[in-house]
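Chains as they are written, first to last, in this note's numbering: chain A, 1 to 270; chain B, 1001 to 1419.
Each remark here refers to the structure printed beneath this line.
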């Protein structure tokens, strides 16, 4: 095996062969993320249920009950939970991944491994929460006696879109956060604001027609609308989904290049 | 000769002092930079023709370092703090990129710049073995295979299913080293990690290292401040100074250079070398000469006489009747070996302003020694130099024609009779 070390120039693509060689590290870091998150807590993984559940309840009382936001004719609690399920995953990954490189600066400055593994592991370790909160969704569906439509076959497609979007933004933010600690401070409230750029507490029918295309460029709009439609057996809203899907792929590819470009200075600035 | 396995050519690494690499730290600063970019660029182009020194904020941690390493060689890297040792290792282990230059390496590389990287306090010892092992580039399968061996070597088998946060720091280090010791790379890069753990464990680690290099034919790069370890493990060594290679030679030669410095080391002029002693300077040391000849500078040899000549000046009207001079010779590890005092011999006469100590049969074996001079005027310390100079005894030719005393065995040869 021949290794050449030279100063690198310009934009390069991620080395997937190398990434594959370190797949076991990705696995253990993901497991470490999950175990460490709930270590020494009484409720443990239960927090993955409590957190979205209470947010949904508050939303239901404030927006559904007090503000009477239009929920497109479905029970508000189901309406908002169908959106919060992917949204919580998305916002959680942003927080975890953007912090992943800084939190592991000690590793970055002492050992070489593909740095991309750190944000990847952060994003994958959030998948457990995502699956657990799916259980609540099932309970709600049963309670409201809702039978999902055939659209559910498209669920994997939407999850890929969700994942690409999370990974793409996660890679960009984590790489930026190493150098600019501003990311950490900005992110905590930006994530809260972002909530209102997606149809989580309100319905897409509330968006003025001339803004609808611009609105649909947000990949999370398509993910949320699609998930709502498939579980409530409505026609798939492709017009909301495709613009966001293209944006998600674009963000992901940009993230790969951007991360690779920033990677080489991590050890110097972390 | 075995094949070349590492080839380093003109390696340089630049750091920005304060701001490492030329990037802004905050987004706001970066925004300002973006706005100022055209102006800065204009200035740069304007100055292109003029010859200017580097920016003030630039520091070359490594400058034009080149060397080659053959398979199975163990190369020591020594130098003072800040000489560029760690930067060199960081580039070799791909943690950071060089600014210029090129390295070619053939084989799997493992770098140990720290023990137990990636350990998480909440995970058990066993889980952390997997964690640490995969970070170092092992696969899960490999670790599965060696798990028992690793646990056994670490000696923490009883606690292997306890979270690491309950471990003592020593246990953590043992566990970390055990994982590292079971790596099977062709090239091993090690930084100072042996400076941890208790004595027994250190010996165990050193033993393992020797094993790895001598029996398995692996190539090792070893950075250490432990000269003894470097001497024992490394065939050749590099001495780095201010980011440049100063010496690359057999370890004994490099070490000699490092420990004794560049200058003729058997003579010292206090004033020109700007060495400052401690005391009231009623009696002030001026020159020291160490030689095997009384009137010339000659190499020191075991068994030949050793002369230590001190010149000093004395302030007028000082009562010298109770003055004394003590000399101490330490070995390179600062262990005290010889003590000589004017108190033990009443022939000293300070008014001569020159005193010569003679050791008739120099008992010091080849190696480097450190001299300490202590002058007392009878009431107070007059001039006191701790470790004022390093000198070396170069050969033992006249005493041992065929016998070679094993490395590190002893510092002093005492003649004895057999009855």
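Even glycine gets a Cβ: it sits at the ideal position worked out from N, Cα and C.
Here residue 1163 of chain B is bridged, per DSSP, to B/1124. When Cβ-Cβ separations below 8 Å define contact, residue 15 of chain A makes no contact with chain B. At least one C-beta of chain A is nearer than 8 Å to the C-beta of residue 1122 of chain B. Residue 174 of chain A and residue 104 of chain A have their C-alpha atoms spaced approximately 11 Å apart. Straight across, the Cα-Cα distance linking residue 67 of chain A with residue 181 of chain A is about 37 Å. Bridge pairing for residue 230 of chain A: absent [DSSP]. In this structure, residue 126 of chain A and residue 89 of chain A form a Cβ contact; the two beta carbons are roughly 6 Å apart against a cut-off of 8 Å.
The three-state reading of DSSP puts residue 169 of chain A in helix, counting H, G and I together. Residue contact check for residue 1107 of chain B against chain A: a CB pair falls below 8 Å.
Distance from the CA of residue 13 of chain A to the CA of residue 257 of chain A, rounded to the nearest whole angstrom, comes to 6 Å.
Nearest neighbour of residue 1245 of chain B by Cα position, chosen from B/1011, B/1289, B/1028, B/1005, turns out to be B/1011. Residue burial annotation: residue 1339 of chain B is exposed, with fewer than 16 other C-beta atoms found within 10 angstroms of its C-beta. Shown in chain order are the members of the region 2 to 26 of chain A whose Cβ falls below 9 Å from a Cβ of chain B: 2, 3, 4, 5, 6, 7, 8, 21, 22, 23, 24, 25, 26.
Taking a C-beta distance under 8 Å as the contact criterion, residue 231 of chain A and residue 82 of chain A qualify as a contact pair. Per DSSP, residue 107 of chain A lies in no beta strand (DSSP E) segment; the continuous alpha helix (DSSP H) that holds it begins and ends at 105 to 108. Taking C-beta atoms under 8 Å as the contact rule, residue 1291 of chain B and residue 1297 of chain B qualify, at a distance of about 5 Å. Around the C-beta of residue 263 of chain A, 16 or more other C-beta atoms lie within 10 Å, and the residue is accordingly described as buried. In the DSSP assignment, residue 1191 of chain B falls outside any alpha helix (DSSP H) and lies within the beta strand (DSSP E) extending over 1187 to 1191. Residues of the region 32 to 49 of chain A with a Cβ closer than 8 Å to any Cβ of chain B, in chain order: 32, 35, 36, 39, 40. When the Cα atoms are used, residue 1128 of chain B and residue 1205 of chain B turn out to be separated by approximately 20 Å. A contact is defined here as three or more CB-CB pairs under 8 Å, and the region 1170 to 1185 of chain B fails this definition with respect to the region 56 to 65 of chain A. DSSP places residue 32 of chain A in no beta strand (DSSP E) but in the uninterrupted alpha helix (DSSP H) bounded by 23 to 38.
Interface annotation for the region 1074 to 1098 of chain B against chain A: 1090, 1091, 1092, 1093, 1094, 1095, 1096, 1097, 1098, criterion Cβ-Cβ distance under 9 Å. The region 91 to 109 of chain A makes contact with the region 186 to 202 of chain A; the number of CB pairs closer than 8 Å reaches 3 or more. Nearest CB-CB separation between residue 267 of chain A and chain B: below the 8 Å threshold. Residues of the region 95 to 115 of chain A with a Cβ closer than 9 Å to any Cβ of chain B, in chain order: 104, 106, 107, 108, 109, 110, 111, 112, 113. Boundaries of the beta strand (DSSP E) around residue 1246 of chain B: 1244 to 1250. Cβ neighbours of residue 44 of chain A within its own chain (closer than 6 Å, five residues either side excluded): 38.
DSSP places residue 1357 of chain B inside the beta strand (DSSP E), whose first and last residues are 1354 to 1359. Per DSSP, residue 67 of chain A lies in no beta strand (DSSP E) segment and is marked neither H nor E. Membership of residue 1170 of chain B in the alpha helix (DSSP H) is indicated by the continuous run 1169 to 1181. Following the DSSP letters along the chain, one finds residue 1220 of chain B inside the beta strand (DSSP E) bounded by residues 1219 to 1223. Within the DSSP bridge table, the entry for residue 1111 of chain B names B/1189 as partners. With a threshold of 16 other beta carbon atoms within 10 Å, residue 1409 of chain B falls short and is exposed.
Residue ranges of uninterrupted alpha helix (DSSP H) with 4 or more members, entirely inside the region 80 to 146 of chain A and ordered along the chain, are 105 to 108, 117 to 125, 127 to 143. The shortest C-alpha to C-alpha distance from residue 204 of chain A to any of A/222, A/191, A/188, A/190 is the one to A/222.
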